[in-house]
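What follows is one structure encoded as structure tokens, with my remarks underneath.
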Amino acid sequence: MPNRDYQNERRDYDAPGLSKTQLNASPFVQFSHWMQDALNSPIQDATAMSLATVDRAGQPHNRIVLLKETTTTGFIFYTHYDSDKGHEIQHNPKAALLFFWPELDRQVRIEGELIKISKADSQAYFESRPKDSQLAALSSMQSKEVASRKVLENTFAQNAEKYQDQPIPHPEHWGGYCLRPNKFEFWQGRPNRLHDRFIYTPNENATLWAIQRLSP
Ligand SMILES: Cc1cc2nc3c(=O)[nH]c(=O)nc-3n(C[C@H](O)[C@H](O)[C@H](O)COP(=O)(O)O)c2cc1C
Numbered sequence: 003m004p005n006r007d008y009q010n011e012r013r014d015y016d017a018p019g020l021s022k023t024q025l026n027a028s029p030f031v032q033f034s035h036w037m038q039d040a041l042n043s044p045i046q047d048a049t050a051m052s053l054a055t056v057d058r059a060g061q062p063h064n065r066i067v068l069l070k071e072t073t074t075t076g077f078i079f080y081t082h083y084d085s086d087k088g089h090e091i092q093h094n095p096k097a098a099l100l101f102f103w104p105e106l107d108r109q110v111r112i113e114g115e116l117i118k119i120s121k122a123d124s125q126a127y128f129e130s131r132p133k134d135s136q137l138a139a140l141s142s143m144q145s146k147e148v149a150s151r152k153v154l155e156n157t158f159a160q161n162a163e164k165y166q167d168q169p170i171p172h173p174e175h176w177g178g179y180c181l182r183p184n185k186f187e188f189w190q191g192r193p194n195r196l197h198d199r200f201i202y203t204p205n206e207n208a209t210l211w212a213i214q215r216l217s218p
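FYI, the numbering for the sequence shown is 3 to 218, going by my numbering.
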């Protein structure tokens, strides 16, 4: 089979259109409808989202994390607080999330500020994870150089042995962040590149959201 040429990669988007009247007044509810559609479709990793943060030098950094909970005020993921992203967030809590669901021709952009969730909530979630995931969180110094794969595996094995018959302690360095949004964008791919784009921006006390259609 001939190799595909990325420069000629393109397709038409023919999903049904999106109009202002179809959108929920709450972007959180709108998001939950779209997330449910993604979960009900054959998409793998529907909860994977790109998280963009900015370092002290103004350099943006992007990586995938998994959305674990949506509350009425924010979007929660879990990570290592002492990782590169943790340091970036400590210096500048402004961040952006991005979901791309190609099978639905949909993209969602969410912007806002990150805050750490409570230690009790992080611990409760940590304890709900499979034991191997708990051991990995305990054993990884995320974003730091590691001499070899062997070093990583040995640390994991040592912790597995140490905590064989007892609960794995929730590490201080591991927990959740909640992104409190101040802007949402819902993008629906349409024919002829005339895509539907709607943004939500909050009023002063964030009780109501204004919806505007943007040019694609
Ligand atoms: C599908 C997928 C899911 C991931 N989920 C998480 C996650 O929930 N939390 C996390 O800290 N890293 C997750 N990662 C790893 C991150 O992308 C990243 O490598 C790591 O957090 C280190 O980022 P940093 O060095 O910028 O802090 C995931 C990666 C992929 C590809």
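All C-beta atoms in this analysis are idealised placements derived from N, C-alpha and C, irrespective of residue type, glycine included.
query	result
Residue burial classification, residue 87 (beta-carbon count within 10 angstroms, cutoff 16)	buried
Inter-stretch contact (C-beta, 8 Å, three-pair minimum) for the segment 21 to 30 and the segment 199 to 211	yes
Beta carbon proximity, residue 212 to chain E, threshold 8 Å	Given the protein chain composition of this structure (a single chain), no chain E is represented.
Limits of the alpha helix (DSSP H) - the one that residue 29 falls within	29 to 42
First through last residue of the beta strand (DSSP E) which encompasses residue 121	That residue, residue 121, is in no beta strand (DSSP E); its alpha helix (DSSP H) goes 121 to 130.
Rounded straight-line distance, which links the Cα of residue 5 to that of residue 137	41 Å
Assigned secondary structure, residue 88 (DSSP; H/G/I helix, E/B strand, else coil)	helix
6 Å Cβ shell around residue 145 - same chain, five flanking residues per side excluded	85, 86
Inter-stretch contact (C-beta, 8 Å, three-pair minimum) for the segment 139 to 155 and the segment 41 to 53	no
Check: residue 65 C-beta below 7 Å from any heavy atom of ligand 1	yes
Sub-8 Å separation of residue 127 and residue 60 beta-carbons	no
Exposed unless 16 or more other CB atoms sit within 10 angstroms - verdict on residue 172	buried
Among 218, 197, 185, nearest to residue 212 - alpha-carbon criterion	185
Distance, residue 192 Cα to residue 14 Cα	8 Å
Residue nearest to residue 91 in terms of C-alpha spacing, selected from 100, 99, 57	57
Residue nearest to residue 78 in terms of C-alpha spacing, selected from 93, 63, 64, 112	112
Reduced DSSP category for residue 57 - H, G, I as helix; E, B as strand; rest coil	coil
Whole-angstrom distance between residue 16 and residue 100, CA atom to CA atom	21 Å
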